[in-house]
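Each residue of the sequence shown is one higher than the last, beginning at 162 in our numbering.
Where a beta carbon is used, it is the ideal one built from N, C-alpha and C, also for glycine.
Note that this is a predicted model, so its numbers are computed, not measured.
Inspection log for the structure reproduced underneath, given as structure tokens.
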Amino acid sequence: MAAKNKPTPIFVWEGADRNGNRKKGEVQASNMALAKAQLRREGINVLKIKVKPKPLFGMGGPRKKAITPLDIAIFSRQMATMMKSGVPLVQAFEIVGTGHDNANMAEMIMAIKSDVEGGSSLTEALKKFPLYFDDLYCSLVQAGEHAGILDSILDRVATYKEKTEALKSKIKKAMFYPIAVIVVAVVVVTILLMFVIPEFEDLFSGFGAELPAPTLVVVAMSHFVIDYWWALFGGIGATLYIFFYFKKRSRKMRHFLDKLSLKMPVIGPILEKAAISRYARTLETMFAAGTPLVEALGSVSGAVGNIVYSDAVDQIQQEVSTGTQLNKAMSNVNLFPNMVIQMTAIGEEAGSLDSMLGKVADFYEAEVDNLVDGLTSLLEPIIMAVLGVIIGGLVVAMYLPIFQMGNVV
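The structure is reproduced here in structure tokens:
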């Protein structure tokens, strides 16, 4: 929402440094007075300054692109690296913002920089962009600011975001291939039914013989698609719209779908291990940042990516808040494998819960990676076989009358 605000202007300036050397450059600030003040702090005596004119046709500068979670992950790593190298926070924002190739991201970074310069904490500045910096992110940064270890926390946040995005990428990779092939198959079959089958039908009409049953079925399908294509595709579109509409707004439907997805063969184990990995990685990051366990579990609930596990984490949080050990509460929800519960118990007893949870997350991330690779290898021959049967069946059905004529002759 806040990222849609009026972009921070860029000013072109000319001046002289403390040694009298002529300098020129660009500076980004909310207004000209702030731009001059920033240059004075840098030892520049401003002689001329004006708003940078917009380039014609939108050329010549960073392009405006949607800000993605990967952009936030890269931004977090850049900030962590610079702060660990001793670069002041405001200067780090300046370096990252002015060098970014996404104009929207650059504007947001410079807006955060302006807020921090104006006296706001980094947490307060980030909370103005909830679409990109969620409660988990802001809570971690706030913990780092309070403890005086912002550089270390940003490093942990960067690692967390990188691993989370890598896990999402693996799951998307598993889903993309079959969906893409199914879409291509639907397009090919539709083209055959609407344009190829009618040509064969015209050919068969001159035979004067009764057509085989498979051919009659295919011809009937062709007539239906040609006559009612608008109803067919409209119905599919309306069904998808209604499905996603209620999926987004109905918690009961999301719970049903997420529970169903966990029971699906092949796909279910991937989603289950991904949810456990997110749970362990998020809790590790929060706990290592010094966040109390009960409060950390509240943030974990929204990060596991599956409403079944989210409800389970809520139950775990309630039990832990009444004094139950974490491993006992995890055991009570009957969703976590024994290995995860045992490693959590060992971590609690040894006082190294964050380390143990990190090992759990690493293990399950590797498991997801292996399952995705195996799924891709398994699906390729299955999908090719299904496509062969569908398209091959259409072709054979249309050539059957020709084969019959050859037998009669």
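Distance between residue j and residue i (C-alpha atoms, nearest Å)
i: Phe-290; j: Gly-280; result: 17 angstroms
i: Asn-180; j: Gly-258; result: 28 angstroms
i: Ile-228; j: Ala-234; result: 11 angstroms
i: Leu-377; j: Leu-496; result: 51 angstroms
i: Glu-510; j: Asn-488; result: 10 angstroms
i: Asp-530; j: Lys-420; result: 22 angstroms
i: Phe-172; j: Ala-194; result: 11 angstroms
i: Asp-409; j: Ile-428; result: First, the residue type needs correcting, since residue 409 is Lys and not Asp in the sequence shown. So the two alpha carbons sit approximately 21 angstroms from each other.
i: Met-162; j: Ala-527; result: Residue placement at Met-162 cannot be trusted, given a pLDDT of 42 that sits under 50; the coordinates are not used to answer.
i: Glu-203; j: Gly-176; result: 12 angstroms
i: Leu-292; j: Val-188; result: 27 angstroms
i: Ile-256; j: Asp-316; result: 18 angstroms
i: Ser-330; j: Glu-433; result: 16 angstroms
i: Ala-441; j: Pro-498; result: 12 angstroms
i: Asp-459; j: Met-425; result: The question names Asp, but residue 459 in the sequence shown is Gly. Near 28 angstroms, if we compare the C-alpha coordinates of Met-425 and Gly-459.
i: Leu-217; j: Ile-273; result: With a pLDDT of 46 at Leu-217, under the threshold of 50, the predicted position of this residue should be treated as unreliable, and no value is reported.
i: Val-550; j: Leu-231; result: 40 angstroms
i: Met-220; j: Gly-260; result: Low confidence applies here, because Met-220 scores a pLDDT of 47, under 50, leaving its location unreliable; read the following figure in that light. Going from the Cα of Met-220 to the Cα of Gly-260 covers about 17 angstroms.
i: Ala-241; j: Ala-304; result: 15 angstroms
i: Trp-391; j: Val-348; result: 15 angstroms
i: Leu-214; j: Gln-239; result: In the sequence under discussion, the amino acid at residue 214 is Pro, which differs from the Leu named in the question. Their backbone Cα atoms lie some 29 angstroms apart in a straight line.
i: Leu-328; j: Val-251; result: 31 angstroms
i: Ala-196; j: Gly-395; result: 55 angstroms
i: Lys-165; j: Ser-411; result: Its pLDDT being 46, under 50, Lys-165 is placed unreliably in this model, and the value from its coordinates should be taken loosely. Those two C-alpha atoms are separated by around 28 angstroms.
i: Asn-182; j: Val-248; result: 26 angstroms
i: Ser-366; j: Phe-407; result: 48 angstroms
i: Glu-360; j: Val-386; result: 15 angstroms
i: Val-345; j: Phe-405; result: 22 angstroms
i: Ile-507; j: Met-336; result: 36 angstroms
i: Ile-544; j: Asp-534; result: 16 angstroms
9 angstroms Cβ cutoff met for residue i and residue j
i: Thr-320; j: Thr-446; result: yes
i: Tyr-470; j: Ala-436; result: yes
i: Met-266; j: Phe-236; result: yes
i: Ser-492; j: Ile-502; result: yes
i: Ser-422; j: Tyr-525; result: no
i: Ser-275; j: Ala-190; result: yes
i: Leu-518; j: Met-500; result: no
i: Val-474; j: Ser-462; result: yes
i: Leu-555; j: Ile-343; result: no
i: Ala-457; j: Gln-476; result: no
i: Thr-537; j: Lys-334; result: yes
i: Gly-451; j: Ala-308; result: yes
Distance between beta carbons of residue j and residue i, contact taken as under 8 angstroms
i: Val-277; j: Phe-254; result: 7 angstroms
i: Ile-314; j: Leu-301; result: 6 angstroms
i: Pro-339; j: Leu-540; result: 5 angstroms
i: Pro-430; j: Leu-532; result: 6 angstroms
i: Leu-418; j: Met-382; result: Not a contact, Cβ separation roughly 30 angstroms.
i: Ile-552; j: Val-379; result: So it is not a contact: roughly 12 angstroms between Cβ atoms.
i: Val-494; j: Gln-478; result: At roughly 11 angstroms, the Cβ-Cβ gap does not stay under 8 angstroms, so Val-494 and Gln-478 are not in contact.
i: Ile-205; j: Asp-178; result: 6 angstroms
Residue interval of the beta strand (DSSP E) (run including residue i)
i: Lys-209; result: 206 to 212
Sheet register partners of residue i (DSSP bridge)
i: Val-251; result: Per DSSP, none; premise fails for Val-251.
i: Gly-484; result: Partner(s): none; Gly-484 has no beta bridge.
i: Gln-189; result: Ile-171
i: Ala-177; result: Arg-183, Asn-206
Extent of the continuous alpha helix (DSSP H) to which residue i belongs
i: Ser-499; result: Note on identity: in this sequence residue 499 is Asn, with Ser being the wrong assignment. 499 to 511 is the span of the alpha helix (DSSP H), which, as asked, contains Asn-499.
i: Gly-396; result: 374 to 410
i: Phe-365; result: 358 to 365
i: Lys-329; result: 311 to 352
i: Leu-454; result: 454 to 462
i: Met-447; result: 428 to 449
i: Ser-300; result: 296 to 308
i: Met-240; result: 230 to 245
i: Glu-285; result: 283 to 287
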